[in-house]
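Colleague: Chains as they are written, first to last, in this note's numbering: chain A, 440 to 898; chain B, 440 to 898.
Questions regarding the structure given below will be posed in turn.
The structure is reproduced here in structure tokens:
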């Protein structure tokens, strides 16, 4: 390895430690070595060497996976191939609205480079934007707060460069909006969590920068009203609608307890809050449009505030963006990242709440998420720390089963945006069509016959 | 076969004829039989029977392929499996902005069903909308006039139902906006032109219906100005920009000659015309925004007209929509459906024009297309009918080589939106990375080991 990347770029022993534990500290493994190549050719050489010696590879970016996807297993037989040193922006084309970036570019840096050139890269992750890297974002098909308008990470890619499991380089760095000249290979590697090859660079789609925005904070009594309101806002505000987030009362209670300088949006308290954001490149009066739209909805909206002032909007967003952090400080919980059709979000919450309360009367449910995408983060725990610890140790499987059964009834997915990683690798087998699993295994076998790419994850 | 679909749904001899020749009359083959199943189960049974008897299958929708993708080869050994009888809309979910349709639904009917429910399905094909079917649109990843804003057919799909080459049914009809629970299989079948399986149904993404529109007709002296103007309009009008089409002078000459009731947009004549369309769900003053944007561009726009009147816009669109028809009446031509990065469209036209004129001084070039997607339809012929006939017979290969060499220099694609079919199956081998072709062959071998799905097409 040292002959390929230089000895300073091969870490072993203690210095490999930070790369073997994930961001949340939930998964810890042991790496044979951590290798940090500086360009695609080095990646290819490392992979070739590993293939020859049958050494498994864990591709790693910012290591912010929430599913243990980017850390090695515990046997100490896998190398971590960390791409953070590959952080160049190779090309920027304002007229084509595209940029070519290496896998190790941090998401925040990609967004900033776009803005500096009066363009917009819409992938927005509330918690990890400064740490996660674009290669990992694409490998996990990251979601976030702008999917409603701009799509998932997969929808933001024009081309890829990938080092295949045998060390050959697929030079698919096209920057075309249309290309129907064969099978679309890029979509195989995007979202495969490094199990089919290593994404080393990508051509990203850019967008015009929104110039006007308006944000609403809306209180509703139940999620069913929220579902109908979403359809109403979309029909009336169209593509200016970029975010539609739902926050349950229990989320706010945690945020107020643990995060300083956070306030109730209204004097009265309500069961659910919605954060709705519009954006437009045209100099539109979006606050007026949003207000009119909310007023024309009919009964169900209990209270509302609309602003075009960035500071006021940021105060509301602070509540949403700090839910994960507040929950972390409160203690561990059983987390679910599920999706259902947008029209079934209220059904999901009602059915899952009932199923859990029937079995565990004291349970505390913290539900929030990207309602515009049908994506709910549905986290459960017990109120007391000690009680909660025992509860999770004993009942995690039972809780998952109750929640995922509802997801299945509603034709949803048990992993909406976080991926499978180690966390859901086994569970998915109970919820996915065996035929689809068979197709996945066949593709894995075809592209990675030695099984050296991120084994123990996804499949 | 008759035992599966009924004898009336198996056509042989003369009645099979219309299904064995494509829409343009360019490709004719011979079918062993034409089979018209009425539901997915019948498709699966037919495919199973074919697999057992080693009979190859040509999946067919509206048979409007421009590359001979949907007709059988000439040996009379392949059946045509036509999906036109499967034309039900299975489900419509206004709140989820999605609809579930069978493969045989005509595109125009899908669009109409969406509109009736106050929703918009954006796939728009100028020439074939009333005849082509959604299964074929997805199998070829169709493009059209709204890609700039809404993406290709591939981007408009949430889920698929596919009959695999062994007759098993993959039930991937999910209607989720986010699903990261394994490899994305749907993108393999979309754009595979029926070589990996048969798409029998799909869940389509819908959008809010635009309420306000504005259209501009703009004259420019060369394509380079058009490229810069596109970036300027996108930056100022953002996502309201849904079409940006370019039309060369030679196109208009053909249209005026062959299509009644067509007029010059301006008194003076120019080298290139642009059709720019904005649409918005909000009640915006788009004509004003478009006018201001054009005025702020600086020198280069020679003449312009902006309207929010539908009849005026339709008169301009008539010029664009009838180019193919006018050219058909004028006689055959050598057609190219190429794409380059949007920023290189003017380079492409300049270099290809020069290369062709140097070799064939009398050549007539008809260039038009979806400039917003970097997609140029670049058709060439000789002025006289007899001269042209000989020219095409003798020089088609030489012309293609000159044009495709420029495409390669600019990192473009020789098939932007029409696919490969029979037309470009051999040619693509000269222009695609051998590694990518190898990956495609491996995937084909994995999914269709007997090679019975649309052999002789794509790969």
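For each residue, glycine too, the CB sits at the ideal point set by N, CA and C.
Looking at residue 575 of chain B and residue 601 of chain B, is the spacing between their C-beta atoms short of 7 Å?
Modeller: For the purposes of this step, residue 601 of chain B is taken as the residue at position 162 of the second chain. For the purposes of this step, residue 575 of chain B is taken as the residue at position 136 of the second chain. No; because the gap between Cβ atoms is not below 7 Å, this pair is not in contact.
Colleague: Just to confirm the assignment: which complete beta strand (DSSP E) runs, minimum length 3, are found wholly within the segment 605–671 of chain B?
Modeller: Those beta strand (DSSP E) runs which fall completely within the segment 605–671 of chain B and span 3+ residues are 608–611, 637–644 and 651–659.
Colleague: Where residue 485 of chain B and residue 622 of chain B are concerned, what is the direct C-alpha to C-alpha distance, given to the nearest angstrom?
Modeller: The residue you call residue 485 of chain B lines up with position 46 of the second chain. The residue you call residue 622 of chain B lines up with position 183 of the second chain. So the alpha carbons of these two residues sit roughly 28 Å apart.
Colleague: So, does the CB of residue 856 of chain A fall closer than 7 Å to a CB anywhere in chain B?
Modeller: Looking up residue 856 of chain A in the first chain gives position 417. Yes - at least one Cβ of chain B is within 7 Å of the one on residue 856 of chain A.
Colleague: Need the endpoints of the alpha helix (DSSP H) that residue 750 of chain A sits in, please.
Modeller: In the first chain, residue 750 of chain A corresponds to position 311, counting from 1. Residues 749–760.
Colleague: Any chance the segment 795–804 of chain B sits against the segment 850–859 of chain B, with 3 or more Cβ pairs inside 8 Å?
Modeller: No, the segment 795–804 of chain B is not in contact with the segment 850–859 of chain B.
Colleague: If I'm right that residue 782 of chain A touches residue 528 of chain B with Cβ under 8 Å, what's the distance once you round it to whole angstroms?
Modeller: The count along the first chain starts at 1 and reaches residue 782 of chain A at position 343. The count along the second chain starts at 1 and reaches residue 528 of chain B at position 89. With 8 Å as the limit, residue 782 of chain A and residue 528 of chain B do not qualify as a contact, their Cβ atoms being about 17 Å apart.
Colleague: Output, in chain order, the set of chain A residues within a Cβ distance shorter than 8 Å of residue 817 of chain B.
Modeller: By 1-based counting over the second chain, the position of residue 817 of chain B is 378. Ordered by position in chain A, no residue passes the 8 Å Cβ test against residue 817 of chain B, which lies about 14 Å from the chain.
Colleague: Taking the straight line between their C-alpha atoms, what separation do you get for residue 519 of chain A and residue 495 of chain A?
Modeller: Locating residue 519 of chain A in the first chain gives position 80, where the first residue counts as 1. Locating residue 495 of chain A in the first chain gives position 56, where the first residue counts as 1. Approximately 9 Å between the Cα atoms of the pair.
Colleague: Should residue 617 of chain A be flagged as near chain B, meaning a C-beta pair shorter than 7 Å?
Modeller: The residue given as residue 617 of chain A occupies position 178 in the first chain. Residue 617 of chain A counts as touching chain B.
Colleague: If you scan the segment 679–720 of chain B from start to end, which runs of the alpha helix (DSSP H) of 4 or more residues do you find wholly inside it?
Modeller: Whole alpha helix (DSSP H) segments, 4+ residues: 688–697.
Colleague: Skipping 5 residues on each side, what residues in its chain have a beta carbon closer than 6 Å to that of residue 545 of chain A?
Modeller: Position 106 of the first chain holds residue 545 of chain A. Correct list, in chain order: 572.
Colleague: Using three-state DSSP, classify residue 521 of chain B as helix, strand or coil.
Modeller: Against the second chain, residue 521 of chain B aligns to sequence position 82. Here residue 521 of chain B sits in strand by DSSP.
Colleague: Counting beta carbon pairs with one atom in the segment 581–588 of chain B and one in the segment 679–696 of chain B, are three or more of them shorter than 8 Å?
Modeller: Flag = yes, the segment 679–696 of chain B and the segment 581–588 of chain B touch.
Colleague: Just the Cα atoms here: how many angstroms apart are residue 664 of chain B and residue 690 of chain A?
Modeller: Numbered from 1 along the second chain, position 225 holds the residue referred to as residue 664 of chain B. Numbered from 1 along the first chain, position 251 holds the residue referred to as residue 690 of chain A. Approximately 53 Å between the Cα atoms of the pair.
Colleague: Any beta carbon from chain B within less than 7 Å of residue 607 of chain A's own beta carbon?
Modeller: Position 168 of the first chain, counted from the start, is the residue given in the question as residue 607 of chain A. Residue 607 of chain A counts as touching chain B.
Colleague: Assuming residue 625 of chain A contacts residue 598 of chain A under a Cβ cut-off of 8 Å, what Cβ separation, rounded to an integer in Å, is found between them?
Modeller: If you number the first chain from 1, residue 625 of chain A lands on position 186. If you number the first chain from 1, residue 598 of chain A lands on position 159. Right, the Cβ-Cβ distance comes to about 7 Å (below 8 Å), so this counts as a contact.
Colleague: Quick check on the burial criterion: 16 or more other C-beta atoms within 10 angstroms. Buried or exposed for residue 706 of chain A?
Modeller: Reading the first chain from its first residue, position 267 is the one you call residue 706 of chain A. By the neighbour-count rule (16 or more Cβ atoms within 10 Å), residue 706 of chain A is not buried but exposed.
Colleague: On the criterion of 16 or more Cβ atoms from any shown chain inside 10 Å, does residue 557 of chain A qualify as buried, or is it exposed?
Modeller: For the purposes of this step, residue 557 of chain A is taken as the residue at position 118 of the first chain. Residue 557 of chain A should be labelled exposed.
Colleague: In three-state DSSP terms, what is residue 889 of chain B?
Modeller: The count along the second chain starts at 1 and reaches residue 889 of chain B at position 450. Coil.
Colleague: What number of angstroms, rounded off, separates the C-alpha of residue 869 of chain B from the C-alpha of residue 490 of chain B?
Modeller: For this step, residue 869 of chain B is matched to residue 430 along the second chain. For this step, residue 490 of chain B is matched to residue 51 along the second chain. Cα to Cα, the separation comes out at about 32 Å.
Colleague: What three-state label does DSSP hand residue 479 of chain B in the structure shown?
Modeller: By one-based count along the second chain, residue 479 of chain B stands at place 40. Looking at residue 479 of chain B - three-state DSSP - the assignment turns out to be helix.
Colleague: Inspect the beta-carbon positions of residue 881 of chain B and residue 885 of chain A and report whether they are closer than 7 Å.
Modeller: Locating residue 881 of chain B in the second chain gives position 442, where the first residue counts as 1. Locating residue 885 of chain A in the first chain gives position 446, where the first residue counts as 1. The answer is yes: Cβ separation under 7 Å.
Colleague: So which residues on chain A does residue 814 of chain B lean against when the C-beta distance must stay under 9 Å?
Modeller: As a position in the second chain, residue 814 of chain B is number 375, starting the count at 1. Near residue 814 of chain B (Cβ distances below 9 Å), the residues of chain A are 615, 616 and 617.
Colleague: Considering Cα atoms alone, identify which of A:702, A:756, A:768 and A:615 is closest to residue 824 of chain A.
Modeller: Here residue 824 of chain A refers to the residue found at position 385 of the first chain. The candidate whose alpha carbon is nearest that of residue 824 of chain A is A:768.
Colleague: Just mark residue 847 of chain B as buried or exposed, buried being the case when its beta carbon has 16 or more other beta carbons within 10 Å.
Modeller: Residue 847 of chain B sits at position 408 when you count from the first residue of the second chain. Exposed: under 16 other Cβ atoms inside 10 Å.
Colleague: Could you confirm whether any beta carbon from chain A is found closer than 7 Å to the beta carbon of residue 535 of chain B?
Modeller: What you label residue 535 of chain B is simply residue 96 of the second chain in a count that begins at 1. Yes, residue 535 of chain B counts as interfacial toward chain A.
Colleague: Would you check whether the ligand NAD has a heavy atom nearer than 6 Å to the C-beta of residue 594 of chain B?
Modeller: This structure simply doesn't include the ligand NAD, nor any ligand for that matter.
Colleague: Nearest to residue 789 of chain A by CA position, among A:666, A:563 and A:470, is which residue?
Modeller: Taking the first chain and counting its residues from 1, one reaches residue 789 of chain A at position 350. Of A:666, A:563 and A:470, the residue nearest in Cα terms is A:666.
Colleague: Which residues bound the beta strand (DSSP E) around residue 499 of chain A?
Modeller: The sequence position of residue 499 of chain A within the first chain is 60, counting from 1. Note, residue 499 of chain A: beta strand (DSSP E), 495–499.
Colleague: Are there 16 or more other CB atoms within 10 angstroms of the CB of residue 774 of chain B, so buried, or fewer, so exposed?
Modeller: Walking along the second chain from the start, residue 774 of chain B turns up at place 335. By the neighbour-count rule (16 or more Cβ atoms within 10 Å), residue 774 of chain B is buried.
Colleague: Hey, is the segment 502–510 of chain A in contact with the segment 440–454 of chain B, meaning 3+ C-beta pairs nearer than 8 Å?
Modeller: Counting Cβ pairs under 8 Å, fewer than three are found: no touch.
Colleague: Is it buried or exposed, residue 822 of chain B, if we count other Cβ atoms within 10 angstroms and call 16 or more buried?
Modeller: Stepping through the second chain from its first residue, residue 822 of chain B is reached at position 383. Exposed, because fewer than 16 other Cβ atoms sit within 10 Å of the Cβ of residue 822 of chain B.
Colleague: Residues in the same chain with beta-carbon distance under 6 Å from residue 580 of chain A, minus the five sequence neighbours each way, listed in chain order, please.
Modeller: For the purposes of this step, residue 580 of chain A is taken as the residue at position 141 of the first chain. The residues are 591, 592, 593, 629 and 630.
Colleague: Look at residue 460 of chain B and residue 454 of chain B and say whether their C-beta atoms are less than 7 Å apart.
Modeller: Numbered from its first residue, the second chain carries residue 460 of chain B at position 21. Numbered from its first residue, the second chain carries residue 454 of chain B at position 15. For residue 460 of chain B and residue 454 of chain B, no; Cβs fall outside 7 Å.
Colleague: Name the DSSP beta bridge partners of residue 773 of chain A, please?
Modeller: For this step, residue 773 of chain A is matched to residue 334 along the first chain. Beta-bridge pairing links residue 773 of chain A to A:819.
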